[in-house]
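Residue numbers (my numbering): 876 to 1488. We put the beta carbon where it would ideally sit given N, CA and C, even for glycine.
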Amino acid sequence: MCGIVGYVGGKEAYPIIIKGLKRLEYRGYDSAGVSIGNTKGIALLKQKGKVSDLEAYTEGREKSGSIGIGHTRWATHGVPNQVNAHPHLSGDGKLSLIHNGIIENYDSIKKALQSKGHIFNSDTDTEVLIHLIENIKNHEQVNLFESVRIALSEVIGAYAIVVMEEGVNNEFIAARKGSPLVIGVGRDEYYIASDASPIIEYTNEVVYLEDGEIARVNCEEVLEIKTITNKIITPYIQELKLSLDTIEKGGFSHFMLKEIYEQPKSILDTMRGRIDTESKEIKLGGISDYEQKIINADRIIIVACGTSWHAGLIGEYLLEDLARIPVEVEYASEFRYRNPIIRETDVVLAISQSGETADTLAALALAKQKGATVLGICNVVGSSIPRLTDGGIYTHAGPEIGVASTKAFTTQVVVLTLMSLRIAKQKGTLSNTNYHQLITQLELIPEKVERVLQTNDQIEKIAKQFKDVSNFLYLGRGYNFPVALEGALKLKEISYIHAEGYPAAEMKHGPIALIDADMPIVVIATKKGNYEKILSNIQEVKSRGGRLIAIVTEGDKTVKELADYCIEIPNCFEELTPLLSNIPLQLLSYHIALMRGCNVDQPRNLAKSVTVE
Ligand code: M6R
């Protein structure tokens, strides 16, 4: 949450920062601001709303200078307005700070500073931090680098910060703990950002700042890094493997739509190099050292949030079904605080697109501390979760920028399928024939997803019929139950229509009371597993006047006679159905949200990576 960009070098900073903020806007978009340093001082410009509102506000105002920092905010402390927007200034206006994260002990620090005469203008924890740095700098007579280091040793919480000083136009100070920061290394210039997307068009040499590290970024000198405990660190420059076109819309009207359409390719990328073409053996290098641990594990505990948690549920079905290992799927936020029993024989698997979700990260840290083997399935390479885990598997879905997760979900499910198949094979819980059939079918999935995407026009027409309703119910059984949950989440987060996902058989234990002609029901009724049973559920809905949209297997005639609308998906093995049945639900949410005039890529109150609790 919150996006950070900074530049120091020979170019004009403002355009670089604005462009970078637009790339990071998925992280928060309730207000934005910049501080630009020049010979006259620091020009501070901030505005409520999106980066485009900031741009309009800065039109005609002084903003030249070759050093600058910028921020796009997702509010935690204080309502989204111009005063609470970042950057924040020290009391004397000489220091300027941007911050992503939460300073938990800000209140006690604020009171102590107030007793020393500090006056605060905003409701933010961030303003407290810059006053603290100022106070240390003035009283201890140390430079900014040291002031920041001392201040951070007094701070409890999570942060990625960048601080600049009036009159010092060649240098800023950056630090991180719990929130990401990457430094782009150019020739006589540096960039800094919450992720690499604002940096990639300028340099592919980057340094990922580690937790507890603080950097002096001076465009005339080499990068200087130390820990908050004052230990010198040698910067490790890595090559970025990100291309510009993957972070642009590429002709699509929204990132979400682009990412839905990318799924055939991203699924292929997830499988690439992991299935031997001849022998069909699956190779998962990132977890191979822990394979025996997984095979012998008493249980696997999957921790995740939101969409990744839904993928985790499918993982539970797969791992138990194919590899016969007991699996528990936990909301990371509950797991970390409920004193869970974690044993050394447990394998704890975190699933996260961003690799930065605060609750998932904390749940994983707890498991690690208790001696469990910790593994991860993440998309963002080099993010915090992969750096904490013993081993893991990247999804390689490519950057996902739409706040609503789409290709991240399908690729997480692909990784879970590969992992379940590999473990099942090694453990001997799956016959060779079944193993080979499943792999062969899995390899056909990208082409089948292409076919599902061809139903887009039909789905758009269906969306027109339902765009004005207030509630939706999603039903599924077996492997399609998590798909129902995911479909409902997708609809509510981008269209603001209340939607609930339910296991179809649970309907008669409560939700059936809601069914009438105003309550549309999406039912996933593919021809495997519990097909007959779901037919009964459909009958129950129909006899109460409910309007039905059904996801069915190509050629299905029975459901077609009952449902108001049917969307066909290609036939496939039950274990692989979620990879197909989920796609029409993504498209349905997309079209409904668009027709309701919602901001599909940046839904209200949300942010792409939830780096605060
Ligand atoms: O980056 P993560 O996968 O850890 O994120 C978890 C959730 O915040 C995320 O899936 C969220 O639910 C999405 N907005 C859903 O589309």
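Taking 8 Å as the cut-off, does the segment 1309-1329 touch the segment 1467-1484 (at least 3 CB pairs, one atom from each stretch)?
Two segments are said to touch when three or more pairs of C-beta atoms, one from each, lie closer than 8 Å; by this definition the segment 1467-1484 does not touch the segment 1309-1329.
Among all the DSSP beta bridges, which residues are the ones paired with H974?
Looking at the DSSP assignment, H974 forms a beta bridge with I1036.
Pair every Cβ in the segment 1037-1047 with every Cβ in the segment 915-928, then say whether three or more of these pairs are closer than 8 Å.
Short answer: they touch.
What's the C-alpha gap between Y1349 and E1203?
Whole-angstrom Cα-Cα distance: 23 Å.
Check each residue's C-beta against every heavy atom of the ligand M6R and list, in chain order, those closer than 5 Å.
Result (chain order): C1180, G1181, T1182, S1183, S1227, Q1228, S1229, T1232, A1279, S1280 and V1485.
Relative to the alpha-carbon of F1284, which residue among Y981, N980, L1460 and G992 has its alpha-carbon at the smallest distance?
Comparing Cα positions, the closest option is L1460.
Under 8 Å Cβ to Cβ from A1374, same chain only, skipping five residues before and after it: list those, please.
N1346, F1347, L1348, Y1349, G1362, A1363, L1364, L1366 and K1367, listed in sequence order.
Quick one: Cα of F1356 to Cα of A1379, how far?
Near 8 Å, if we compare the C-alpha coordinates of A1379 and F1356.
Quick one: give me the first and last residue of the alpha helix (DSSP H) that Y1406 is part of.
Segment Y1406 to K1417, the alpha helix (DSSP H) holding Y1406.
Contact the segment 1045-1053 vs the segment 989-1006: 3+ CB pairs below 8 Å
Contact between the segment 1045-1053 and the segment 989-1006 is absent, because fewer than three Cβ pairs lie under 8 Å.
Coarse secondary structure for R902, derived from DSSP in three states:
Residue state, collapsed to three classes: helix.
Beta-carbon contacts of S997 that lie in its chain and below 7 Å, excluding the five residues immediately before and after
G953, V958, N959 and H963, listed in sequence order.
Let's see if you can read the secondary structure: which residues bound the alpha helix (DSSP H) around T1315?
That run of the alpha helix (DSSP H) goes N1307 to E1318.
Cβ atoms of V1082 and Y1111: under 8 Å apart, would you say?
If you check the CB distance, Y1111 and V1082 come in under 8 Å.
May I ask you to report which of helix, strand or coil DSSP gives N956?
Reduced to three states, the DSSP call for N956 is coil.
Proximity to S1484 [Cα-Cα], best of G1230, G1246, V1324 and I1390:
Ranking G1230, G1246, V1324 and I1390 by Cα distance to S1484 puts G1230 first.
To which residues of the same chain is I1467 closer than 6 Å at the C-beta, ignoring the five residues directly before and after it?
Closer than 6 Å at the Cβ level, and outside the excluded window around I1467, lie A1338, K1342 and S1370.
One or two residues paired with N1346 in a DSSP bridge
BP columns for N1346 point to H1373.
When the Cβ atoms of the segment 1209-1229 are set against those of the segment 1175-1190, are three or more pairs found closer than 8 Å?
Yes, the segment 1209-1229 touches the segment 1175-1190.
Among G885, I1150 and G1351, whose alpha-carbon lies nearest the alpha-carbon of N1045?
Sorting G885, I1150 and G1351 by C-alpha distance to the C-alpha of N1045 places G885 at the top.
So, does the CB of W1184 fall closer than 8 Å to a CB anywhere in chain D?
Given the protein chain composition of this structure (a single chain), no chain D is represented.
CB-CB under 6 Å to R1326, same chain, minus the five flanking residues each way: which ones, in chain order?
Excluding residues up to 5 positions away in sequence, P1445 lie with their Cβ nearer than 6 Å to the Cβ of R1326 in the same chain.
Member of I1200, I1298, L929 and T951 whose CA lies at the smallest distance from the CA of N1480:
Per the Cα distances, T951.
Leaving out five residues on either side along the sequence, give the residues of the same chain with a beta carbon under 8 Å from the beta carbon of N1105.
Cβ neighbours of N1105 beyond the five flanking positions: R1024.
What are the partner residues of Y1556, as DSSP defines its beta bridges?
Shown here, the chain extends from 876 to 1488; a query on residue 1556 therefore has no answer.
By the three-class DSSP mapping on this structure, what secondary structure does T1182 have?
It is helical.
Measure the C-alpha to C-alpha separation of S965 and S971 and round it to an integer number of angstroms.
S965 and S971: Cα-Cα distance of roughly 7 Å.
So V1427 and K1435 are supposed to be a Cβ contact under 8 Å. How far apart are they, rounded?
Confirmed, Cβ separation roughly 7 Å.
Contact the segment 1134-1150 vs the segment 1232-1246: 3+ CB pairs below 8 Å:
Here the segment 1134-1150 does not lie against the segment 1232-1246, with fewer than 3 beta-carbon pairs under 8 Å apart.
DSSP three-state label for Y1192, please.
The answer is helix: DSSP assigns Y1192 an H, G or I state.
So L899 and V880 are in contact, right, with Cβ under 8 Å, and what is the actual spacing, rounded?
A Cβ-Cβ separation of about 6 Å places L899 in contact with V880 under the 8 Å criterion.
Report the rounded CA-to-CA distance for I1268 versus M1394, giving the unit in angstroms.
Computed Cα separation, rounded: 40 Å.
So W949 and D905 are in contact, right, with Cβ under 8 Å, and what is the actual spacing, rounded?
Between the beta-carbon of W949 and that of D905 there is about 6 Å, and that keeps the pair under the 8 Å contact cut.
So, for G1277: in the same chain, excluding its five sequence neighbours on each side, which residues have a beta-carbon less than 6 Å away from its beta-carbon?
The residues are F1130, M1131, E1134 and D1476.
Between which two residues does the beta strand (DSSP E) holding I1298 run?
Counted as a single uninterrupted DSSP element, the stretch harbouring I1298 is not any beta strand (DSSP E) but the alpha helix (DSSP H) occupying residues K1282 to K1302.
List the residues that DSSP assigns as beta-bridge partners of V1202.
Beta-bridge pairing links V1202 to I1175.
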